[in-house]
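Here the sequence shown is numbered in the working numbering, starting from 30 and rising by one per residue. Cβ atoms here follow ideal geometry from the backbone N, Cα and C, with glycine treated the same way.
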Amino acid sequence: MNILGIESSCDDTGLAIVDSSGHVLAHVTSSQHEIHAKYGGIVPELASRDHVKKFIPLLDFLLSKADMKIDEIEMIAFTNGPGLLGPLLAGASLAKALGWSRNIPTIEVNHLEAHVYSPMITENNLKPPFISLLVSGGHTLLSVVDKNSVIKNLGTTLDDSAGECFDKVARKLGLGYPGGPEIARRSEGVKNNKFSFPRPMINSDSYDFSFSGLKTHVINAIQKIELSDENINNISFELQDAIVETLISKSLKASQDYKIENIVITGGVSANKRLREKFSALSNSNVFFPDVRYSTDNGAMIAYAGFLKSQSSSIEINFKIKPNPSLSL
Ligand code: KG4
Ligand code: ZN
Numbered sequence: 030m031n032i033l034g035i036e037s038s039c040d041d042t043g044l045a046i047v048d049s050s051g052h053v054l055a056h057v058t059s060s061q062h063e064i065h066a067k068y069g070g071i072v073p074e075l076a077s078r079d080h081v082k083k084f085i086p087l088l089d090f091l092l093s094k095a096d097m098k099i100d101e102i103e104m105i106a107f108t109n110g111p112g113l114l115g116p117l118l119a120g121a122s123l124a125k126a127l128g129w130s131r132n133i134p135t136i137e138v139n140h141l142e143a144h145v146y147s148p149m150i151t152e153n154n155l156k157p158p159f160i161s162l163l164v165s166g167g168h169t170l171l172s173v174v175d176k177n178s179v180i181k182n183l184g185t186t187l188d189d190s191a192g193e194c195f196d197k198v199a200r201k202l203g204l205g206y207p208g209g210p211e212i213a214r215r216s217e218g219v220k221n222n223k224f225s226f227p228r229p230m231i232n233s234d235s236y237d238f239s240f241s242g243l244k245t246h247v248i249n250a251i252q253k254i255e256l257s258d259e260n261i262n263n264i265s266f267e268l269q270d271a272i273v274e275t276l277i278s279k280s281l282k283a284s285q286d287y288k289i290e291n292i293v294i295t296g297g298v299s300a301n302k303r304l305r306e307k308f309s310a311l312s313n314s315n316v317f318f319p320d321v322r323y324s325t326d327n328g329a330m331i332a333y334a335g336f337l338k339s340q341s342s343s344i345e346i347n348f349k350i351k352p353n354p355s356l357s358l
């Protein structure tokens, strides 16, 4: 059973094929970063149009990479939410049109769940229960995934997500979009950092996060200094450490409180090298990250989530299109 995965919830067009054991046969991603960079954020209409433009050439490329014909696809998994309505509609329309023309099932996938299970694509021995920290541009979600894969949310951000904090400070520093990778790049090699930023809510008993105060603190600091390369690098370093240490502290607390050793960190921010290094160095827990290719939005995690769904429930054929931009975990 070859499953085609389609991701188009935001500004990345991702397509992938997994086989009957969930193994990724091929995956392709096309980023729209250059289109949106000059606006400092995503323009939904431009995002939708670019998905529509890229889908068919990308699908051809994907099939050639997998050395496969479209007739060999037997099921389609696509992102049904959360995300931007136009981009979601574009992906759903492609999925349903392909499904209808071939009379094969189309599986709706929750984009957040796909992130949560993304480390299992390459970590063959990983399975629930685990503590899940999902850190992306839109979400900062700490949860327990029990042995039956039932997800219980422990905490979330009360304001900005971790990714948003990276992106908004990066914009103030005159760095490109998305900000996380730029901040990470600027932090490399910093030795004598002279800034000190707060680690929000790390002494609170709650599992919630709050990154808006940190963002304002850093933006105020930026306004008082000259934006030299050295200052930009130092601020990037300290911001990255403040976010990383906050994420680690809350995840460890959940792991200790719930006596669950395995911690799974996913979403775009999980691509952060410093987060990966610090987590491995600090913690006695078993920490799992997705392969970096599957950290930011991609079609492989959607195809894989479709594979998991097809294993646990029967899939019926229906061609209704009903994306849900505000779907939650
Ligand atoms: O999961 P994702 O690709 O899209 C959403 O579903 O939101 O996450 C995008 C977020 C952006 O905020 C981006 O700045 C951040 O992930 N990000 C990073 C890194 N790569 C992407 N943040 C820190 N370090 C990175 N290397
Ligand atoms: Zn995402």
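Of all alpha-carbon atoms in Asp-234, Ile-35, Leu-204, the one lying nearest the alpha-carbon of Phe-107 is that of Ile-35.
Remark: fewer than three beta-carbon pairs, one from each stretch, lie closer than 8 Å, so the region 195-204 and the region 175-182 are not flagged as touching. Partner residues in the beta bridge of Leu-170, as assigned by DSSP, are Leu-163, Thr-185. The distance from the Cβ of Ser-77 to that of Gly-112 is about 11 Å, inconsistent with a contact at the 8 Å cut-off. Nearest to Asp-237 by C-alpha distance, out of His-62, Leu-276, Val-316, is Leu-276. Nearest C-alpha to Met-149 among Ser-190, Ile-133, Phe-318, Asp-96: Phe-318.
Of all C-beta pairs linking the region 204-211 to the region 220-238, fewer than three are shorter than 8 Å, placing the two stretches out of contact. The secondary-structure analysis by DSSP pairs Asn-291 across a beta bridge with Asn-315.
Thr-58 and Ser-165 have their C-alpha atoms some 17 Å from each other. Looking at the DSSP output, Leu-33 shares a beta bridge with Ile-46, Ile-105. Rounded to whole angstroms, the gap between the alpha carbons of Ser-147 and Asn-109 is 17 Å.
Taking the Cβ atoms as the reference, His-65 lies roughly 6 Å from Tyr-206, within the contact range of under 8 Å. At least one heavy atom of ligand 1 lies less than 7 Å from the C-beta of Gly-192. Taking all protein chains in view, the Cβ of Val-321 is surrounded by fewer than 16 other Cβ atoms within 10 Å, so the residue is classified as exposed. Not a single heavy atom of ligand 1 lies less than 7 Å from the C-beta of Ala-121. Rounded to the nearest whole angstrom, the C-alpha separation of Leu-204 and Val-179 is 40 Å.
With a cutoff of 8 Å on beta-carbon distance, Ile-350 and Ala-121 are scored as near each other. No Cβ-Cβ contact shorter than 8 Å links Ser-130 with Gly-167. Around the beta carbon of Ile-261, 16 or more other beta carbons sit within 10 angstroms, so the residue counts as buried.
Between Leu-202 and Ile-251 the beta-carbon gap is near 7 Å, inside 8 Å, which marks them as a contact.
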